[in-house]
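Reading through the structure tokens given below for one structure.
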Amino acid sequence: MSGPRPAARLAPVPRPDPGDAPAARAVDRGAAPSAERRLDPADRARAALRAGRIAALTAGGLALGKLVAGQLGQSMAVTASAVDSLTDLFASSANALAIQLAHAAPDRSHPFGHAKIETLATAGQGLLIGGSGVYLLIEGIRRLLSPEPLRLAAVTLGAMAAAALITGALVAYLGRVAARTGSSAIQADAVHYRTDIAANLAILAGVAVTYATGFSRIDGVLSVAVAVYILTSAGTLLRLGVRDLIDTSAPEERVGAIADALDAMRARGELLGHHRLRTRIAGRTLFVEVHIELSGDLPLARAHATGDRARDAILAIEPDAEVLVHIDPERDEPA
Numbered sequence: 003m004s005g006p007r008p009a010a011r012l013a014p015v016p017r018p019d020p021g022d023a024p025a026a027r028a029v030d031r032g033a034a035p036s037a038e039r040r041l042d043p044a045d046r047a048r049a050a051l052r053a054g055r056i057a058a059l060t061a062g063g064l065a066l067g068k069l070v071a072g073q074l075g076q077s078m079a080v081t082a083s084a085v086d087s088l089t090d091l092f093a094s095s096a097n098a099l100a101i102q103l104a105h106a107a108p109d110r111s112h113p114f115g116h117a118k119i120e121t122l123a124t125a126g127q128g129l130l131i132g133g134s135g136v137y138l139l140i141e142g143i144r145r146l147l148s149p150e151p152l153r154l155a156a157v158t159l160g161a162m163a164a165a166a167l168i169t170g171a172l173v174a175y176l177g178r179v180a181a182r183t184g185s186s187a188i189q190a191d192a193v194h195y196r197t198d199i200a201a202n203l204a205i206l207a208g209v210a211v212t213y214a215t216g217f218s219r220i221d222g223v224l225s226v227a228v229a230v231y232i233l234t235s236a237g238t239l240l241r242l243g244v245r246d247l248i249d250t251s252a253p254e255e256r257v258g259a260i261a262d263a264l265d266a267m268r269a270r271g272e273l274l275g276h277h278r279l280r281t282r283i284a285g286r287t288l289f290v291e292v293h294i295e296l297s298g299d300l301p302l303a304r305a306h307a308t309g310d311r312a313r314d315a316i317l318a319i320e321p322d323a324e325v326l327v328h329i330d331p332e333r334d335e336p337a
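Residue numbers for the sequence shown follow our numbering, beginning at 3 and rising by one.
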């Protein structure tokens, strides 16, 4: 068919505002949002920002407590954990700022919004944590080669036990907030604080063994182990951040669910086919773009209505997505 296409792009529409119910599990950044955990956009912003501030305050308290305990007990492993908590403080503070900026309304310079600021914060957090890991690795090797006796067992052991309990409570809280808000920055916070729990417990056990046996090189070994653990966590965060910064597609299961919904419309005869289904993730937002194929002689109003139904079918699966539907005449482009 010659002539202009029946309809142009359809702009995203406001999405339904379902009620809130807390989710019981942490969510992968690539996972589809659950209907039971969604919040109003303004509530999402407030909840994520509050969680970021709480994480920063908690990290600051942990860093101070561990630093005092590490210096009093002359434990490099405990001091290393304090440095890790100090980087957590900076990372969580940056996250809180990024969350505030990412939820700002679209403007003329940023018509697609500011969601990628969260993604950038995630990648930056990976770099910051990686730097602290390198420092701890160097200090751990130094302490391994030149061990020093530990002292004040009650102080160091008590500090690490308290840190493990506090961090565990923080991880549980951040996981719930990440599930309810879909915030990649809060998800990143939950991931790296989760690694802190294991590190705190390992240091607690190692320091106890050192006091019991008098073998002071265990402190250096633990410092190196914590450093390697931190570097691994940093690599994971950096990979996740870079993935979204370069517009990587959503996971296959999410894309497949969208394709299935469009195929169901084709099976019902509502459209002739679809092609060029593309997705990308920016922070908490999934962007979806697809071309649907309709009869070339279909009236413009009906073609537009079909495009609306295709968009609504996608939003039924991905309620927080930004959806763009292109309408093409039949055989305008092969499927």
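Ideal Cβ placement from N, Cα and C applies to all residues, glycine included.
Nothing here was measured: the structure is a model prediction, and the numbers come from that model.
- Looking only at its own chain, which residues have a Cβ that is under 7 Å from the Cβ of residue 135, when we skip the five neighbours before and after it? Correct list, in chain order: 229, 232, 233, 236.
- What residues in its chain sit with their C-beta under 6 Å from that of residue 258, if we drop five residues either side in the sequence? Within its own chain, no residue has a Cβ closer than 6 Å to the Cβ of residue 258 once the five positions on either side in sequence are excluded.
- Taking the alpha carbon of residue 80 as the point to measure from, which residue in 287, 194, 110, 223 has its own alpha carbon closest? The alpha carbon of residue 80 has as its nearest neighbour, out of 287, 194, 110, 223, the alpha carbon of 223.
- Drop a sphere of 10 angstroms on the beta-carbon of residue 327, count the other beta-carbons inside from all chains shown, and report buried for 16 or more, exposed for fewer. Residue 327 is buried by the Cβ-count criterion.
- Message: Taking 8 Å as the threshold (C-beta atoms), are residue 47 and residue 179 in contact?
- Response: Cβ distance not < 8 Å, so residue 179 and residue 47 don't count as in contact.
- Message: Do residue 60 and residue 172 count as a contact pair if the criterion is CB distance below 8 Å?
- Response: It is a contact, given that the beta carbons lie within the stated cut-off.
- Message: Please classify residue 217 as buried or exposed, where buried requires at least 16 other C-beta atoms within 10 Å of its C-beta.
- Response: By the 10 Å Cβ count, residue 217 comes out exposed.
- residue 289 - partner residues in DSSP beta bridges: For residue 289, which the question treats as bridged, DSSP gives the partners 282, 324.
- If you draw a straight line from the C-alpha of residue 155 to the C-alpha of residue 206, how long is it? About 10 Å.
- Task: Starting from the Cα of residue 321, find the closest Cα among 308, 304, 288 and give me that residue.
- Result: Comparing C-alpha distances from residue 321 to each of 308, 304, 288 shows the shortest one belongs to 288.
- Same chain, Cβ closer than 7 Å to residue 219, neighbours up to 5 away in sequence not counted: 146, 149, listed in sequence order.
- What is the DSSP secondary structure of residue 248, reduced to helix, strand or coil? Three-state DSSP puts residue 248 in coil, outside helix and strand.
- Item | Nearest candidate by alpha-carbon position, reference residue 90, set 131, 311, 122, 189 | For the residues 131, 311, 122, 189, the minimum Cα distance to residue 90 belongs to 131.
- Task: Use the C-beta contact count for residue 108: other C-beta atoms within 10 angstroms, 16 or more gives buried, fewer gives exposed.
- Result: Counting other Cβ atoms within 10 Å of its Cβ, residue 108 stays below 16 and is therefore classed as exposed.
- Measuring CA to CA, which of 187, 300, 70 is closest to residue 2? With the chain running from 3 to 337 in the structure shown, residue 2 is simply not present.
- Determine the extent of the alpha helix (DSSP H) in which residue 191 is found, giving its start and end residues. Its alpha helix (DSSP H) spans residues 186-215.
- Item | Extent of the continuous alpha helix (DSSP H) run through residue 255 | Unbroken alpha helix (DSSP H) run through residue 255: 254-269.
- Item | Coil, strand or helix - residue 90 by DSSP | Here residue 90 sits in helix by DSSP.
- Please name the residue in 281, 329, 93, 138 whose C-alpha comes closest to that of residue 301. Per the Cα distances, 329.
- Quick one: Cα of residue 125 to Cα of residue 194, how far? C-alpha separation (whole angstroms): 13 Å.
- Would you kindly report the start and end of the unbroken alpha helix (DSSP H) that includes residue 314? Where residue 314 is concerned, the enclosing alpha helix (DSSP H) stretches over 302-319.
- Query: Among residues of its own chain, excluding the 5 on either side of residue 315, which ones have a beta-carbon nearer than 8 Å to its beta-carbon?
  - Reply: Hits under 8 Å: 263, 264, 266, 267.
- Message: Let me make sure I understand the geometry here. Which of 201, 215, 243, 99 has the alpha-carbon closest to that of residue 227?
- Response: Ranked by Cα distance from residue 227, the first of 201, 215, 243, 99 is 201.
- Three-state secondary structure (DSSP) of residue 295: Strand at residue 295.
- Query: Should residue 68 be listed as close to the ligand GDP, given that the test is whether its C-beta is under 7 Å from any heavy atom?
  - Reply: Among the components modelled here there is no ligand, and therefore nothing to report on the ligand GDP.
- Query: Is the Cβ-Cβ distance between residue 87 and residue 51 less than 8 Å?
  - Reply: Their beta carbons are not under 8 Å apart, which means residue 87 does not touch residue 51 by this criterion.
- Query: Are residue 121 and residue 261 close, meaning C-beta to C-beta below 8 Å?
  - Reply: Contact check for residue 121 against residue 261 fails: the beta carbons are separated by 8 Å or more.
- Taking the alpha-carbon positions, what's the residue 73 to residue 160 distance? Those two C-alpha atoms are separated by around 14 Å.
- Close Cβ partners of residue 162 (< 6 Å) along its chain, the five nearest in sequence each way excluded: Result list for residue 162: 202, 205, 206, in chain order.
- Query: Under the three-state reduction of DSSP, which class applies to residue 337: helix, strand or coil?
  - Reply: Low local confidence applies: a pLDDT of 46 at residue 337 is under 50, so the model's placement there is unreliable, and no value is given.
- Please classify residue 299: is it buried, with 16 or more other beta-carbons within 10 angstroms of its beta-carbon, or exposed? Classification of residue 299: exposed, given that the 10 Å Cβ count is below 16.
- Item | Whole-angstrom C-beta distance between residue 312 and residue 273, which should lie under 8 Å | The beta-carbon separation of residue 273 and residue 312, rounded to 7 Å, stays under the 8 Å limit for a contact.
- Which whole-angstrom value describes the C-beta separation of residue 157 and residue 75, a residue pair presumed to lie in contact below a C-beta threshold of 8 Å? Confirmed, Cβ separation roughly 5 Å.
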